[in-house]
Amino acid sequence: MSIWLRIGEFIQRMSASATQGVAEVVEAVRTVFAGDPELRRRVAFSVAMIALSAKMAKADGVVTQDEVRAFQAIFEVPKEEARNVARLYDLAKRDIAGFEAYAEQMAGLCGNGAHNCMMLEDILDGLFYIATADGVLHEREGQFLRRIAEIFEIEDAHYETILSRHVDLGDADPYVVLGIERGKSLVEVKKHYRKLVADNHPDRLIARGLPQEFIKIATTRLAAINAAYEIIERSLQAA
Numbered sequence: 605m606s607i608w609l610r611i612g613e614f615i616q617r618m619s620a621s622a623t624q625g626v627a628e629v630v631e632a633v634r635t636v637f638a639g640d641p642e643l644r645r646r647v648a649f650s651v652a653m654i655a656l657s658a659k660m661a662k663a664d665g666v667v668t669q670d671e672v673r674a675f676q677a678i679f680e681v682p683k684e685e686a687r688n689v690a691r692l693y694d695l696a697k698r699d700i701a702g703f704e705a706y707a708e709q710m711a712g713l714c715g716n717g718a719h720n721c722m723m724l725e726d727i728l729d730g731l732f733y734i735a736t737a738d739g740v741l742h743e744r745e746g747q748f749l750r751r752i753a754e755i756f757e758i759e760d761a762h763y764e765t766i767l768s769r770h771v772d773l774g775d776a777d778p779y780v781v782l783g784i785e786r787g788k789s790l791v792e793v794k795k796h797y798r799k800l801v802a803d804n805h806p807d808r809l810i811a812r813g814l815p816q817e818f819i820k821i822a823t824t825r826l827a828a829i830n831a832a833y834e835i836i837e838r839s840l841q842a843a
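Numbered per the numbering used here, the sequence shown finishes at 843, counting up by one with no gaps.
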């Protein structure tokens with residue numbers, strides 16, 4: 605069953621009192637899907653993406669229809685479920701709780717308590733994907749994403765690696781994308797690259813809670829990793 609359909613059912617089942625803010629939504633996710641941990645992870649991921657993207661859209665003080673359409677285009681919400689997704693999106697926009705409260709709640713719902721949690725990285729990657737959909741990472745969006753990373757306990761170097769998948773950082777970009785230092789041999793780079801490919805294969809992301817409908821996050825990440833490796837490989841072979 606589509607994750608959007610499950611989210612739609614979830615939103616429809618929520619009582620009026622459970623639509624007042626993020627704390628109630630998070631608790632509802634815990635309760636409704638308590639008997640199915642795998643489904644709970646997928647729903648939690650989706651709720652986090654919807655809620656935090658809504659908060660990010662407000663980072664510059666204005667929520668435009670272009671931003672709403674960008675979310676819908678990136679994640680291909682079925683027409684029959686668009687109203688339910690919009691309801692949760694609007695709830696996050698209206699909630700008086702700041703985005704930091706949302707991020708903390710979502711980190712507790714989706715994360716494993718470890719630094720550089722991969723599922724929280726998936727959420728941050730998705731937010732970057734939305735933020736750069738227009739080809740630009742605006743200053744306030746960048747500040748928003750940096751703060752989200754801090755709350756998610758994603759270390760600075762790792763944040764730079766995520767950032768570099770979406771924003772050109774100049775000559776150092778391929779090495780930052782792979783999260784590897786310059787000066788490594790081609791053998792060492794290739795070994796590191798193969799591990800990254802294995803760790804970020806779409807099947808791995810789905811296994812840790814990324815819904816099938818969000819697979820563009822995985823394919824975009826792999827494309828950046830592959831492109832970076834090809835640049836480094838060519839440069840080392842020519843040396």
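Note that beta-carbon positions come from the ideal geometry of N, C-alpha and C, so glycine has one too.
Note that the structure is predicted; figures quoted are calculated from it, not measured.
- A contact between stretches requires three or more CB pairs, one per stretch, nearer than 8 Å, and the segment 606-620 meets this requirement with the segment 637-649.
- In this structure, the CA atom of isoleucine 821 is about 24 Å from the CA atom of alanine 705.
- 8 Å or more divides the Cβ of leucine 731 from the Cβ of leucine 790.
- Taking 3 residues as the minimum length, the segment 660-737 contains no beta strand (DSSP E) run wholly inside it.
- Beta-carbon to beta-carbon, leucine 728 and leucine 749 are separated by about 7 Å, close enough to satisfy the 8 Å threshold.
- In the structure shown, the three-state DSSP call for phenylalanine 637 is coil.
- Close CB contacts of glycine 783 within its chain, under the 6 Å cut and outside five residues either way in sequence, are with Thr765 (chain order).
- If you look at arginine 750, you'll find it in the alpha helix (DSSP H) that goes 743-755.
- For the set Asp760, Asp726, Asp699 and Arg691, the Cα lying nearest the Cα of lysine 662 is the one of Asp699.
- If you look at serine 789, you'll find it isn't in any alpha helix (DSSP H); DSSP assigns it neither H nor E.
- In the structure shown, the three-state DSSP call for isoleucine 758 is coil.
- Here the C-alpha atom of threonine 824 lies approximately 9 Å from the C-alpha atom of tyrosine 733.
- Exposed is the label assigned to asparagine 716, since fewer than 16 other Cβ atoms lie within 10 Å of its Cβ.
- With respect to alanine 655, leucine 692 sits close: the two C-beta atoms are nearer than 8 Å.
- In terms of Cβ geometry, threonine 736 and histidine 762 do not form a close pair [threshold 8 Å].
- Sixteen is the threshold: when 16 or more other Cβ atoms of the shown chains lie within 10 Å of the Cβ of arginine 645, as they do, the residue is buried.
- Annotated three-state conformation of serine 606 is coil, per DSSP.
- Sequence-distant Cβ neighbours of proline 682 in its own chain, meaning closer than 6 Å and more than five residues away, are Trp608.
- Annotation: alanine 718 to aspartate 807 spans about 22 Å, alpha carbon to alpha carbon.
- When the Cα atoms are used, leucine 826 and glutamate 631 turn out to be separated by approximately 33 Å.
- Rounded to whole angstroms, glycine 787 and glutamate 759 show a C-alpha spacing of 23 Å.
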